[in-house]
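First the structure, in the form of structure tokens, and then the observations on it.
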């Protein structure tokens with residue numbers, strides 16, 4: 001993420017990360033997840049799913065911030081993100097919620 | 098606080114006897130809408146149901162009343178509504194939902210003359226075919242027709258029992274005359290009243306199939322909130338309750354809900370015979386008309402006419418076999434009913450041309466007197 | 479291994495994909511409803527969904543709790559009977575604008591007046607989708623539908639105003655883009671006693687959108703640009719007009735005795 005000014009507490013802020021999953025065959029190709037992803041993680045597939053729709057493909061998996069918007073805007077229960085387990089500076093593992 | 102069963106002798110109208118019969122049968126929910134001549138049932142239930150911890154609600158119309166009793170039934174309560182012609186017409190849509198989703202409930206129609214608003218304060222028996230075929234699609238239904246307040250009491254209990262064990266809405270097709278007449282009604286001890294309950298599922302709740310019926314064609318019925326996660330729909334559905342839009346699913350579903358009544362006809366149908374053993378003229382009647390018919394039959398016997406009465410206690414399913422058997426040996430049938438020929442059509446159909454059938458009918462507003470019937474018995478055959 | 483979709487346990491997975499068209503917003507609103515049920519932490523065996531007929535009426539068929547798909551317009555009286563016969567149930571009515579406000583309008587106002595404890599979610603897609611896009615009681619004036627080919631001569635209901643005037647104790651309106659607010663509203667409504675009503679606006683791209691030259695993303699753009707969140711706004715002043723502005727928010731959140739409470743107090747307190 002680019003900032004016009006680096007926030008003073010940037011080092012303390014924990015940026016959540018997620019893994020996006022797509023259930024290709026549930027997708028009906030409305031494209032809402034692609035349109036509304038704030039990180040532009042997704043793009044429409046070239047290929048078709050079982051029902052002949054272009055489902056979302058994950059273009060930039062590392063950019064997902066686990067905001068879940070794709071998941072809650074999807075009318076077809078076809079996409080969702082799960083928090084990444086990240087190792088914190090210390091030793092304890094932390095799960096993003 | 099009064100109990101469910103008011104054991105003792107009472108002087109009740111048919112409407113009150115109906116409400117008390119419902120309470121004795123275990124009714125816990127009444128959804129109604131005022132209409133003459135059925136209003137007294139709702140009024141009585143509004144007073145009595147809270148005494149047995151049941152719930153009464155006056156809905157915004159009869160459509161809502163019928164929908165509410167189906168919802169209450171799926172919540173586990175024995176439920177009932179009562180109405181008359183115009184309200185009965187409004188109930189037809191959700192009566193179909195009750196048939197399709199196999200929901201036990203009791204619908205009382207205190208009949209008055211139609212069409213339309215007709216004669217609201219007088220009696221008739223003109224809704225008999227509507228009771229049979231009023232909702233769209235093909236189905237079988239159970240309808241009873243009491244001839245006195247005492248019989249209304251017992252038939253209401255029987256109606257609840259039948260609706261529970263066959264999982265079908267049961268209709269009580271009474272009329273203004275029986276509904277408003279006051280007579281002695283004996284209520285027995287609670288222990289002498291037979292109460293039957295819907296079959297309940299046993300075993301595991303996961304992947305429960307709400308319409309997987311046993312050999313008798315009647316699936317066990319869970320209630321909402323018991324953890325079976327059922328889906329219930331008025332669309333044609335499979336054993337899981339899921340909609341299936343195919344002719345095959347239609348055959349399977351409709352055939353079963355028709356067969357569960359047809360195959361149990363012998364247990365459901367109840368008739369009463371008077372002087373039929375040697376009769377060569379058979380009067381077929383039900384409800385209030387069967388009382389005047391019986392009087393006419395006795396008068397006819399005094400005049401040397403060998404008349405008998407077949408009184409229908411359940412009108413639907415129709416006792417086809419009894420009529421067929423009688424048709425082989427009698428001179429003719431006389432159907433007595435306060436309409437211009439409804440059950441008469443069934444008598445004609447079932448006599449299969451072997452014996453002629455004559456109608457003594459009236460479009461409603463008055464009873465058919467014994468003299469009206471006697472005159473036909475003397476002249477007809 | 480890929481983890482399950484977080485709502486899989488609340489879905490009848492064997493019935494997914496559902497029947498709703500590509501781009502139809504009902505699925506999103508339904509998903510918000512499922513998320514709200516989860517967040518409310520209500521015992522799922524006590525949650526019941528009742529639907530009427532129509533596209534949104536199919537909702538009951540996809541939730542893995544006791545669910546009832548009833549007749550056209552009659553979900554509310556069916557739900558009323560169910561709730562009164564077993565007050566421990568949490569009864570959600572999920573249905574469409576045509577079902578709840580045209581054929582079922584009378585039932586809606588009376589359930590609100592009685593303050594029956596129901597959570598009514600109305601998916602408002604401005605037309606009858608299931609039958610091919612006819613005018614509804616919510617179709618905007620001059621809009622084109624198959625039964626108003628030259629434009630709708632009628633005016634639509636203001637649904638939150640109708641709910642408020644009828645006596646609902648919780649009234650909110652959101653668009654499907656406000657999905658988090660919508661989820662939160664449904665959750666609040668579920669946890670509240672009394673009659674609650676939530677209107678959720680969504681596009682019907684295939685039937686309404688096509689005839690009115692509204693692609694779903696255009697509708698969303700209008701939602702984004704024209705929506706004004708006004709919590710607590712007077713329901714008489716809340717337009718849902720994409721020209722003037724779409725007022726969304728939680729408008730009413732109040733308390734009054736429910737039917738069951740009053741019935742118990744008046745009829746059952748002597749025993």
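Protein chains in written order, with my numbering: chain L, 1 to 97; chain Z, 98 to 478; chain E, 479 to 749.
Idealized CB from N, CA, C, for every residue including glycine.
Item: Is the beta carbon of residue 117 of chain Z within less than 7 Å of some heavy atom of the ligand MG?; Value: Within the structure as shown, the ligand MG is missing, as the structure has no ligands at all.
Item: For residue 480 of chain E, count the other beta carbons within 10 Å of its own beta carbon; 16 or more makes it buried, fewer makes it exposed. Which is it?; Value: exposed
Item: For chain L, is any of its Cβ atoms less than 8 Å away from the one on residue 483 of chain E?; Value: yes
Item: Looking at the C-beta of residue 711 of chain E, does it have a partner C-beta in chain Z at a distance below 8 Å?; Value: no
Item: To the nearest angstrom, report how far apart residue 92 of chain L and residue 516 of chain E are at their CA atoms.; Value: Residue confidence is low: residue 92 of chain L scores 49 on pLDDT, short of 50, so the model does not pin down where it sits. No coordinate-derived value is stated.
Item: Could you check the C-alpha separation between residue 690 of chain E and residue 537 of chain E for me, to the nearest Å?; Value: 26 Å
Item: Report the option in L:44, L:4, L:7 whose CA atom is closest to the CA atom of residue 58 of chain L.; Value: L:44
Item: Closer than 7 Å between beta carbons: that is the criterion. Which residues of the stretch 546-570 of chain E meet it against chain Z?; Value: 546, 547, 548, 549, 552, 555, 556, 557, 558, 559, 560, 562, 563, 564, 566, 567
Item: Given 8 Å as the limit, is there contact between the stretch 461-471 of chain Z and the stretch 563-579 of chain E, that is, 3 or more CB pairs closer than that?; Value: no
Item: Take the Cβ of residue 400 of chain Z as the centre, count every other Cβ of all protein chains shown within 10 Å, and call the residue buried at 16 or more, exposed below.; Value: exposed
Item: Going by beta carbon distance, what residues of the same chain come within less than 7 Å of residue 731 of chain E, once the five residues before and after it are set aside?; Value: 648
Item: Where does residue 653 of chain E sit, in a helix, a strand or coil, going by DSSP?; Value: strand
Item: Opposite residue 406 of chain Z in the DSSP bridges: which residues?; Value: Z:371, Z:380
Item: Would residue 501 of chain E count as contacting chain A if we go by Cβ distances under 8 Å?; Value: The structure shown has no chain A; the protein chains it does contain are L, Z and E.
Item: Give a yes or no on whether the minimum CB-CB distance between residue 644 of chain E and chain Z is below 8 Å.; Value: no
Item: Output, in sequence order along the chain, the residues in the stretch 670-686 of chain E whose CB is closer than 9 Å to any CB in chain L.; Value: 680, 683
Item: Check whether the Cβ atoms of residue 239 of chain Z and residue 411 of chain Z lie closer than 8 Å to each other.; Value: yes
Item: Measure from the alpha carbon of residue 63 of chain L to the alpha carbon of each residue in L:17, L:3, L:9, then state which is nearest.; Value: L:17
Item: What does residue 126 of chain Z reach in chain E if we use C-beta pairs closer than 9 Å?; Value: 559, 562, 563
Item: What does DSSP give as the partner residue(s) for residue 270 of chain Z in the beta ladder?; Value: Z:206
Item: Does the Cβ of residue 620 of chain E have 16 or more other Cβ atoms within 10 Å, making it buried, or fewer, making it exposed?; Value: exposed
Item: Leaving aside the five residues before and after residue 611 of chain E along the sequence, list all residues of the same chain whose C-beta is less than 7 Å from its C-beta, in chain order.; Value: 605, 623, 624, 685, 686, 689
Item: Where do the ends of the alpha helix (DSSP H) carrying residue 249 of chain Z lie?; Value: 246-263
Item: Residue 526 of chain E versus chain Z: which residues are under 8 Å apart at the beta carbon?; Value: 321, 322
Item: Between residue 262 of chain Z and residue 118 of chain Z, how many whole angstroms is the CB-CB distance? I'm expecting something under 8 Å.; Value: Residue 262 of chain Z to residue 118 of chain Z, Cβ: 17 Å. No contact.
Item: Are the C-beta atoms of residue 12 of chain L and some chain E residue less than 8 Å apart?; Value: no
Item: Consider the Cβ of residue 539 of chain E: report whether some Cβ of chain Z lies at a distance smaller than 8 Å.; Value: yes
Item: Verify whether the separation of the beta carbon atoms of residue 432 of chain Z and residue 420 of chain Z is less than 8 Å.; Value: no
Item: For residue 47 of chain L, would you say it is in contact with chain E, using Cβ-to-Cβ distances shorter than 8 Å as the test?; Value: no
Item: Taking only beta-carbon positions, decide if residue 96 of chain L is within less than 8 Å of chain E.; Value: The pLDDT assigned to residue 96 of chain L is 49, lower than 50, so where the model puts this residue is not dependable; a value taken from the coordinates is nonetheless given after this. No, no contact with chain E.
Item: Could you tell me how far apart the beta carbons of residue 333 of chain Z and residue 346 of chain Z are, in whole angstroms, since I believe they sit closer than 8 Å?; Value: 5 Å
Item: Does the stretch 350-366 of chain Z come close enough to the stretch 380-394 of chain Z that 3 or more CB-CB pairs lie under 8 Å?; Value: no
Item: Note down the Cα distance separating residue 664 of chain E from residue 596 of chain E, rounded to an integer number of angstroms.; Value: 11 Å
Item: Check each candidate in E:717, E:587, E:662, E:578 and name the one with the smallest Cα separation from residue 548 of chain E.; Value: E:578
Item: What does residue 542 of chain E reach in chain Z if we use C-beta pairs closer than 9 Å?; Value: 326, 328
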